[in-house]
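Per numbering that gives the first Met the number 0, the sequence shown starts with residue 0, numbered consecutively. For each residue, glycine too, the CB sits at the ideal point set by N, CA and C. From a predicted model like this one, the values you see are computed outputs, not experimental measurements.
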Amino acid sequence: MLSVHGRRPAAVIVEPVARVLLKTGLSPNVVTVLGAAVTSIIAIVLIPSGYLVWAAILTGLFSAFDMVDGTMARLRGGGTKFGATLDATCDRITDGVFFAAITWWLIYSYDASAPLVVASLVVLVASQVISYVKARGEASGFSMIGGLVERPERLLIGAFGIGLQGLGVPFAIDVAIWILAAGSVYTVIQRLLIASRSPHASDPTAPPAGSREAREQEASQSTESR
0 MLSVHGRRPA AVIVEPVARV LLKTGLSPNV VTVLGAAVTS IIAIVLIPSG
50 YLVWAAILTG LFSAFDMVDG TMARLRGGGT KFGATLDATC DRITDGVFFA
100 AITWWLIYSY DASAPLVVAS LVVLVASQVI SYVKARGEAS GFSMIGGLVE
150 RPERLLIGAF GIGLQGLGVP FAIDVAIWIL AAGSVYTVIQ RLLIASRSPH
200 ASDPTAPPAG SREAREQEAS QSTESR
């Protein structure tokens with residue numbers, strides 16, 4: 000939801016930062032990689048070590064690079080397909096690292112119960128599936144706009160959970176993980192329903208490369224072109 004409705008308010012801060020970075024000569028792709036690298040290092044180093052408040056603050060700060068690079072590309076006249084692929088790849092890496100680090104901390108420092116660890120693993124897996132369903136749906140020509148728990152919500156709720164836990168609020172991370180687990184599973188189902196209701200949902204797909212059907216199709220097209 001925030002990815003749809005939060006861009007306009009955030010533009011007041013993001014656009015000036017994007018303009019400054021463009022003046023330094025940095026490209027949007029470099030900012031994408033730097034943001035992902037720094038965010039991943041923050042999660043890997045700070046969360047397992049127990050510096051939860053700093054991890055929450057810095058994760059929120061550097062996750063903003065996910066909006067800055069896109070704004071930089073727009074200010075330069077538009078992004079590229081490779082840039083979009085790179086951005087999506089880096090998002091999946093940072094999501095995985097962030098929730099893997101939280102799961103590690105839950106197991107080795109928080110002495111979490113088995114159900115809570117399972118819920119955290121559900122968040123870890125579902126965060127990847129949510130994004131994949133959208134990407135695969137859009138590749139099939141579906142309009143995959145919205146979702147209850149998208150990437151901004153995942154990072155925001157996760158960061159608030161560890162940050163409040165670090166400040167001494169009891170069970171803050173427990174509540175955050177269970178909200179994310181339930182919301183993420185719901186969002187996977189929600190996006191699959193969006194895809195199933197698309198006007199193109201029943202369109203046939205192309206046969207996989209190398210299959211007998213694909214070879215026959217290629218031979219038929221070759222014959223028709225002669």
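Cβ neighbours of S62 within its own chain (closer than 7 Å, five residues either side excluded): T38, L154.
Secondary structure within the region 96 to 137: not one fully enclosed beta strand (DSSP E) run of 3 or more consecutive residues is present.
The three-state reading of DSSP puts V52 in helix, counting H, G and I together.
Here G49 is near S108, since their CB atoms are less than 8 Å apart. Straight through space, the alpha carbons of L105 and A113 are spaced by roughly 10 Å. F170 sits in coil when the DSSP states are folded into three classes, being neither helix nor strand. Residue burial is scored here from C-beta neighbours: E212 has fewer than 16 other C-beta atoms within 10 angstroms and is therefore classed as exposed.
The C-beta distance from L60 to R18 rounds to 19 Å, too long to meet the 8 Å contact threshold.
Shortest Cα-Cα distance from A36 to any of D86, L20, A138 involves D86. Taking a 10 Å sphere around the C-beta of D68, we find 16 or more other C-beta atoms and assign the residue as buried. Around the beta-carbon of D173, 16 or more other beta-carbon atoms lie within 10 Å, marking it buried. The Cβ atoms of A175 and V121 lie no closer than 8 Å to each other. Each residue's CA atom was taken as its position, placing E215 and P151 some 45 Å apart. For the pair of segments examined, the region 79 to 93 was found to touch the region 24 to 34: the number of CB pairs separated by less than 8 Å reaches three. Ranking P15, E217, T23, L33 by CA distance to the CA of A208 puts E217 first.
Secondary structure note for E152: its alpha helix (DSSP H) is the uninterrupted segment 150 to 165. In the structure shown, M143 adopts coil according to DSSP, grouped into three states. About 6 Å separates the Cβ atoms of I43 and A100, confirming a contact at the 8 Å cut-off.
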